[in-house]
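Note sheet for the following structure.
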Amino acid sequence: MPSFETFKKLHGGLTVGQTHKADSDMVMEATWDNDIDTRVAYFYDFDHDNHITQLDDLHPEQDEKKIPISIKFIAHTKQTLAKDTISYHLQFRPSQSEDVIPYYKEKFEDRYGATFPIGLYVDIPDSKGRYNRWLVVSKADYNDVQFSDFELLRCDYVFQWVIDNKKMQMAGVLRSQNSYNSGVWVDYKIESPEDQQKCLLPLTRETEKLFYNQRMIIDNKVLTEPRAWVITKPNRIANKGICGLTFAQDVFDPHRDYVEKDADGNVIGMWADYYVDGIAPEDQPDYSDVTCELSVVGNKRIKIDGGYKRLSVTFYKNGESTEFKEGNWNYYVDGTDVSLFIEEVSDGLEKNERSIKFIGTDAYIGKILTVKFTSGTVSDSIELSITGL
Amino acid sequence: MELTEKEIAELRAYRNIPDEDDIRYKQVIKEMLINNNKIIYLLHNEELEKADADSDEYLDTNILPYYMVNPTQSEVKNFICFETSFEEVSRYNSVIKNQQVIFYILCHQKDITEKYTSTARHDLIAAVLIDMFQGSNIFGTQLKLMSDKPSVVDTDYACRTLVFEQQTLNSLYGKQGGLRIGN
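Read top to bottom, the protein sequences are chains A and B.
For the first sequence, the tail end lands on 370 under the working numbering, and the numbers increase by one without skipping.
For the second sequence, the tail end lands on 207 under the working numbering, and the numbers increase by one without skipping.
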């Protein structure tokens, strides 16, 4: 039996406890594939997600943006119907490097103080080999700090919202929130709905913008009126890398909210605040080639005989902004040129900017002014709602 | 349900027709407020100031033609809300009413002191409004300040309520300009 000093020399000067841990890690590595919980899972974030609306039956092995890592997928508790969906645990090999996801440090660790791999999606095969989407939501080493694992929740909903006049979709996790009331609130003369909801989403530059007063429709794809919600508690700090949102039930607004249906009449999208001042949101622009984007300072309203609205054009090539090119500005209402009713000012502005004022009559209130910028084969347009003072 | 163009034009005409005081007065007040640099400055909306936004952007943001501030206030903001009302007609002549124009000034307590004057913002805004409206004939007859009361809203806002009153005609004309009384 070697002496303690010899033992220490053999194990590089570690304490006995550290040596036991090192030996345990070696055993874990050696027996990793013996465990039925072991499987290859695929990790990625929102920007590397080619199927943002798909939750189940994915094929990550065919997707080069998703990174395979061997994990153990551990059930650590039992589900009861009365409570929220349980989490599962994810464990890495002791030797697993965090650098395997090259963008994690910049986008999660440095930016939000997150710990790898919190905030990432993981496609994990079930017992039948079908890959389903999960979200890593927190560390789970409260029971055993020696063998760190992480909490996983199954992504069960695709959240849709409109922000800055653009449509956004992202997979996330619905969580229940007890509101301890009947579901309605009666206040002398009016009865209104009163319920609460929670969700978890990865924290990204997109979900950072989810804040108070942001509305979403969260419901099943029903043909009757869906339930609308408004954010009342945004929490970006409890689990770094995760955006936790609490919602209070709001009223469905048939003038602004939009239930999108396909040709067969089935619901394919539910958008809160889709129509703002009568203007529908834009789809995400494709920055892959040379494009230009027209934007406006402030809201998308222009008042008759009101102040000037400043517009600007930015050119992009392969996602990066590039040099401005001269072009033509045109103004339309219902397809008719209304340049006569536009006062343009460009003095004192950058060459990609223009300020405009609408000097038409009150007959234009409620109509949409389309401003179009064209430079060669590249063009973009923006809609402004014409209002009165 | 769709309206005809004629019906839409009739709805728009309320903005200008005499005796449709609620709408017409508010149009006049909106224009006066957004054209007053001191009011725009005192409302102190940093986001609009940084964007160099035009003063009409303050409408429906800081200047509200109703006394209701919605939705959730998650940042420091100041408001001028205004309403019109009347409850009494002249005792011996129901053709004359006592029309009121009420301003509600709400300043967030975190932005309560104006830096160039070290004065409470809601008092300053009230002073400018009194300057603009007290004794003015912009609504046809002379406006008089009848009440100037401070209060607190939600423990976050210092509030001042100004009530101006005038004696004016009690909806004498119909919407097409024809005389209602005696028709």
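Even glycine gets a Cβ: it sits at the ideal position worked out from N, Cα and C.
Query raised in the report: Bridge partners of B:Asn40, per DSSP?
Result: Paired residues: none, contrary to the question.
Query raised in the report: Is it the case that the Cβ atoms of B:Ala144 and B:Ile154 are separated by a distance below 8 Å?
Result: no
Query raised in the report: Going by C-alpha distance, which of A:Val271, A:Cys273, A:Tyr289 is nearest A:Gly279?
Result: A:Tyr289
Query - Supposed contact pair A:Tyr25 and A:Ile48 - C-beta distance, whole angstroms, cut 8 Å - result: 7 Å
Query raised in the report: Going by the C-beta, is B:Phe103 closer than 7 Å to any heavy atom of the ligand ATP?
Result: This structure lacks the ligand ATP, and indeed carries no ligand of any kind.
Query raised in the report: Are B:Tyr130 and B:Tyr181 touching if we call contact CB-CB under 8 Å?
Result: Rather than Tyr, the amino acid found at residue 130 of chain B in this sequence is Leu. Yes, these two residues count as a Cβ contact at 8 Å.
Requested in this report: Excluding the 5 residues preceding and the 5 following A:Tyr93 in the sequence, name in chain order all residues of the same chain whose CB lies nearer than 7 Å to its CB.
Outcome: Leu184, Lys221, Gly222
Requested in this report: Grab me the residues of A:Leu204's own chain with a C-beta within less than 8 Å of its C-beta, minus the 5 sequence neighbours each way, in chain order.
Outcome: Gly246, Val248
Query raised in the report: Given that a residue counts as buried once 16 or more other Cβ atoms are within 10 Å of its Cβ, and exposed if not, what is B:Leu167?
Result: buried
Query raised in the report: Is the CB of A:Leu275 under 8 Å away from at least one CB in chain B?
Result: no
Requested in this report: Could you list which residues in chain B have their beta carbon closer than 8 Å to that of A:Ile346, in chain order?
Outcome: Arg36
Query - A:Ala152, enclosing beta strand (DSSP E) - first and last residue - result: 147 to 156
Query raised in the report: In the DSSP assignment, what are the bridge partners of B:Glu107?
Result: B:Ile126
Requested in this report: Tell me, please, whether the CB atom of A:Val278 is closer than 8 Å to any CB atom in chain B?
Outcome: yes
Query raised in the report: Should A:Lys284 be flagged as near chain C, meaning a C-beta pair shorter than 8 Å?
Result: In summary, chain C is missing from the structure at hand, where the protein chains are A and B.
Report task. Can you give me, in chain order, the residues of the stretch 78 to 101 of chain B that have a beta carbon less than 8 Å from any beta carbon in chain A? Result -> Asp78, Ser79, Asp80, Glu81, Leu83, Pro95, Thr96, Ser98
Query raised in the report: Is A:Glu325 helix, strand or coil by DSSP?
Result: strand
Requested in this report: Note down, one range per segment and in chain order, each beta strand (DSSP E) of at least 3 residues found wholly within the stretch 174 to 237 of chain A.
Outcome: 177 to 183, 196 to 198, 209 to 216, 223 to 231
Query raised in the report: So which residues of chain B does A:Asn194 contact, with C-beta pairs closer than 7 Å?
Result: Pro95, Thr96
Query raised in the report: Any Cβ of chain B within less than 8 Å of the Cβ of A:Tyr289?
Result: yes
**Report entry** Under 8 Å between C-beta atoms of B:Gln123 and B:Thr28
**Finding:** no
Query raised in the report: Looking at the unbroken beta strand (DSSP E) that takes in A:Gln60, where does it start and where does it end?
Result: Run containing A:Gln60: none; DSSP gives neither H nor E here.
**Report entry** For B:Glu70, the first and last residue of its enclosing alpha helix (DSSP H)
**Finding:** 70 to 74
Query raised in the report: Listed in chain order, which residues of the stretch 48 to 59 of chain B have Cβ atoms closer than 7 Å to some Cβ of chain A?
Result: Gln51, Lys54, Glu55
Query - Residue from A:Val314, A:Thr12, A:Val352, A:Thr272 with nearest C-alpha to A:Thr358 - result: A:Thr272
Query raised in the report: Under three-state DSSP, which class holds B:Asn207?
Result: Per-residue confidence for B:Asn207 stands at a pLDDT of 40, beneath the threshold of 50, marking its modelled position as unreliable; no derived number is given.
Query raised in the report: Distance, Cα to Cα, B:Ser109 vs B:Phe127?
Result: 11 Å
Query - Residues that A:Leu370 contacts on chain B, provided the C-beta gap is smaller than 8 Å - result: Gln51, Lys54, Glu55, Ile58, Asp80, Leu83
Query raised in the report: Thinking C-beta only, is B:Lys54 closer than 8 Å to B:Leu72?
Result: no
Requested in this report: Express the C-alpha separation of A:Ser157 and A:Lys214 in angstroms, rounding to a whole number.
Outcome: 14 Å
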